[in-house]
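Here the structure is laid out as structure tokens; the discussion comes afterwards.
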Amino acid sequence: MASFSLPPIHNNPDGGWGPSSSNIPEQFKFKDIPYAPFSKSDKLGRFADWNDPASDGRQAPVGAPAARDSRGTTGRSRREGTQAFGSGTASAFAYFHVEDESSFSLVDNKAAPPRRGNAFARGRPLGRGTATFVSRGGRGSRGNNFAANKGPQRGGRKGWRDWEKNNRTRESSVAISPEWSMLEEIEFHRLAKLRLEVDDPEDIDTYGRIFAYAKTYDRITTKTEKPLQPLDRIKYNTTTSDDPVIQQLAGKDTATVYTTDVILSVLMCAPRSVYPWDIVIVREGNHLFFDKRDGGPFDTVTVNENASDPPQDATPPNPNNPSEKTVQEPPSINSATSLSLEATYINQNFGFQSVVEATASDFAHPNPFYGPEETEPLASCGYRYRVFDLGVTEDEDVKICVRTEVDAFVPGQGNPQEGHGLVTIRALNEFDPRAPGAGGAPDWRAKLDSQRGAVVATEMKNNSCKLAKWTVQSILSGADLMKVGYISRVNPKDHTRHVILSTASMRPTDFAAQLNVSLANGWGIVRTITDLCMKMPEGKYVLIKDPNKVGCKQS
30 MASFSLPPIH
40 NNPDGGWGPS
50 SSNIPEQFKF
60 KDIPYAPFSK
70 SDKLGRFADW
80 NDPASDGRQA
90 PVGAPAARDS
100 RGTTGRSRRE
110 GTQAFGSGTA
120 SAFAYFHVED
130 ESSFSLVDNK
140 AAPPRRGNAF
150 ARGRPLGRGT
160 ATFVSRGGRG
170 SRGNNFAANK
180 GPQRGGRKGW
190 RDWEKNNRTR
200 ESSVAISPEW
210 SMLEEIEFHR
220 LAKLRLEVDD
230 PEDIDTYGRI
240 FAYAKTYDRI
250 TTKTEKPLQP
260 LDRIKYNTTT
270 SDDPVIQQLA
280 GKDTATVYTT
290 DVILSVLMCA
300 PRSVYPWDIV
310 IVREGNHLFF
320 DKRDGGPFDT
330 VTVNENASDP
340 PQDATPPNPN
350 NPSEKTVQEP
360 PSINSATSLS
370 LEATYINQNF
380 GFQSVVEATA
390 SDFAHPNPFY
400 GPEETEPLAS
410 CGYRYRVFDL
420 GVTEDEDVKI
430 CVRTEVDAFV
440 PGQGNPQEGH
450 GLVTIRALNE
460 FDPRAPGAGG
470 APDWRAKLDS
480 QRGAVVATEM
490 KNNSCKLAKW
500 TVQSILSGAD
510 LMKVGYISRV
520 NPKDHTRHVI
530 LSTASMRPTD
540 FAAQLNVSLA
550 NGWGIVRTIT
560 DLCMKMPEGK
570 YVLIKDPNKV
580 GCKQS
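Numbering of the sequence shown is given in this note's numbering, commencing with residue 30 and proceeding in unit increments.
Structure follows, in structure tokens:
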């Protein structure tokens, strides 16, 4: 009968699992071995990988890279991906022939012909002063060869001609005083994770007069284009604190936060924004007022803000450098500032022109900003003051009062005074498909009728933030339709004359789904900013979008 004896049991007087350090033999201690960090994504527990080409029974040289397959990649990296953190620490265990190979240098600038059989081979010195250059790919020099003195081949580059793109340094939308102090900083990736479901709003009151939308503009094509006519109309874009209606509602303690749909849409679509902006936040007691600055980014319309290579302004001359020209040349018609002013002009006149002033609908009260001394006629615009409940629980009383705008109504689709058949009117503009900053847009006159989907997809990519803000404004106002006109220059070299090529009609909620715009995410951003401001003492604050960083700053 076989004998059986119990193995020795090492008692750990210090407590815990396993033997104590005093009971471990010296040969099992990790002495004089450098520490190699590893990340959470490292796979632990694989002692042998029989599917790895490197594990075919032949041991690789010490310090040599892992074996590569015919496509130049290791077997394990194909399935797991390259380990980022701690991947370079393996060189601590490598062995280098410093004394043997330090005297050799590369003098041949031609890549060696592809080797067959071995996926990787070490270069063997041929003689004094020469060395071989070996390809690391089994299929020739496709994407893995590095020619001497020439750098990587085309397959290894991230993008075409990326090195020629200038590093744009954008200026802030407001001059930041050195006396200001940063109170909070929010990164965009944190804003994208916020969610808050908000119920239908409560209509408080309506002001203004709107005209009927002319349905003839829905039948315009590129072959029956219509010129854009400049019209003199008055349309107000008053900030929140100067609105007399909001002042009355704040006196009645109607809500906690007061703002306009233009300001609120910028805040709700903040993760999409590229150009800088700023919002003035005033806290008076338990009330917050979100204001804009006159002449700021809220009064103009951007063009191709989200394009991979957006339009840019010319660099102003350096006054400290006498070699540069001191006389500044007029800006190009395709610069960012010129295109923004042109797009603002187009949006206003398209909204003025595409309505029938003979058919009007008056809201409950007249326009609150139109004074008796005004002589020019008013534009078609209606203001709807609505209150949204941002409370997470029933006990919370966090409400926001928003002044929303509608531009027209569709006759025959219900009573506009009750919120039926309301329309918002916007316009997209084409300047020059071959100019820098066009974003790869197709020629509208050639593609708009036959391939409208391609045109819309390009605009959704290049103007993602602008379209998202327009959609959010339409949803906040309760509009049933959003009319978007496609307007182009008569001549790409002339930015003063334009024609209407087509008009699209879409429902705001459906278009928001196509743009991947989440109203719940937008309300989560608004509630987060509100909570941050309510923790501050009374005063004036500025919420600034940093022009050169992915994040929002509050100072």
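Here a beta-carbon is modelled for each residue, glycine too, at the ideal position from N, C-alpha and C.
Cβ shell of residue i (< 6 Å), same chain only, five flanking positions each side left out
i, result
"Arg145", "With a pLDDT of only 41 at Arg145, under 50, the local geometry of the prediction cannot be trusted, and no value is derived from it."
"Ser503", "Thr453, Met511 and Pro537"
"His394", "Tyr236"
"Ser294", "Lys498, Val501 and Gln502"
"Glu231", "Val416"
"Arg526", "Val519"
"Asp320", "Thr268, Thr269, Ser270 and Val309"
Expected contact under 8 Å - CB spacing of residue i and residue j to nearest Å
i, j, result
"Ala456", "Val513", "7 Å"
"Arg199", "Pro305", "6 Å"
"Ala299", "Lys574", "7 Å"
"Thr250", "Asp478", "6 Å"
"Tyr412", "Cys430", "Incorrect: roughly 12 Å between the Cβ atoms, too far for contact."
"Val555", "Met297", "6 Å"
"Leu530", "Arg481", "Contact doesn't hold; Cβ gap of about 11 Å is too wide."
"Ile558", "Leu257", "Not quite, the Cβ-Cβ distance comes to about 38 Å (not below 8 Å), so this is no contact."
"Arg322", "Val311", "Contact doesn't hold; Cβ gap of about 12 Å is too wide."
"Leu225", "Ala549", "6 Å"
Exposed unless 16 or more other CB atoms sit within 10 angstroms - verdict on residue i
i, result
"Thr433", "buried"
"His524", "buried"
"Asn333", "buried"
"Asn458", "buried"
"Asp85", "The pLDDT assigned to Asp85 is 47, lower than 50, so where the model puts this residue is not dependable; a value taken from the coordinates is nonetheless given after this. With fewer than 16 Cβ atoms within 10 Å of its Cβ, Asp85 is classed as exposed."
"Gly585", "Outside the shown range of the chain (30 to 584) lies residue 585, about which nothing can therefore be said."
"Lys569", "exposed"
"Glu426", "In the sequence as presented, Glu is not what sits at residue 426; that position holds Asp. It is exposed - the Cβ of Asp426 has fewer than 16 other Cβ atoms within 10 Å."
"Gly551", "buried"
"Ala470", "buried"
"Pro207", "exposed"
"Pro36", "exposed"
"Asn577", "exposed"
"Arg518", "buried"
"Thr253", "exposed"
"Asp272", "buried"
"Ile38", "exposed"
"Asp307", "buried"
Cβ shell of residue i (< 7 Å), same chain only, five flanking positions each side left out
i, result
"Ser32", "none"
"Glu447", "none"
"Thr366", "Asp342 and Pro360"
"Leu370", "Thr329"
"Glu386", "Phe240"
"Asn376", "Val330, Arg455 and Ala456"
"Tyr265", "Phe398"
Coarse secondary structure for residue i, derived from DSSP in three states
i, result
"Asp320", "strand"
"Asn378", "helix"
"Leu572", "strand"
"Asp282", "coil"
"Cys430", "strand"
"Lys498", "helix"
"Lys564", "coil"
"Arg518", "strand"
"Leu257", "coil"
"Glu425", "coil"
"Leu225", "coil"
"Phe327", "helix"
"Thr487", "helix"
"Leu451", "strand"
Cβ-based neighbour list, residue i, same chain, cut-off 8 Å, excluding 5 preceding and 5 following
i, result
"Ile263", "Tyr399, Glu403, Glu405, Pro406, Leu407 and Ala408"
"Gly468", "Asn333, Ala336, Ser337, Asp338, Pro339, Thr487, Lys490 and Asn491"
"Val303", "Glu334, Asn335, Pro339 and Cys494"
"Gly314", "Glu567"
"Ile233", "Leu278, Thr283, Tyr414, Arg415, Val416 and Cys430"
"Arg463", "Pro521"
"Lys428", "Thr283, Ala284, Thr285, Val286, Val416, Phe417, Asp418, Leu419 and Gly420"
"Lys564", "none"
"Leu260", "Asn378, Phe381 and Gln382"
Strand pairing of residue i, partner residues [DSSP]
i, result
"Leu407", "Ile263"
"Tyr414", "Asp234 and Arg432"
"Asn458", "Ile516"
"Tyr242", "Val384"
"Ala389", "Phe240"
"Asp523", "Asn520"
"Val528", "Pro256 and Ser517"
CB contact check: residue i to chain B, cutoff 8 Å
i, result
"Lys498", "Note that chain B does not occur in the displayed structure, where there is just one protein chain."
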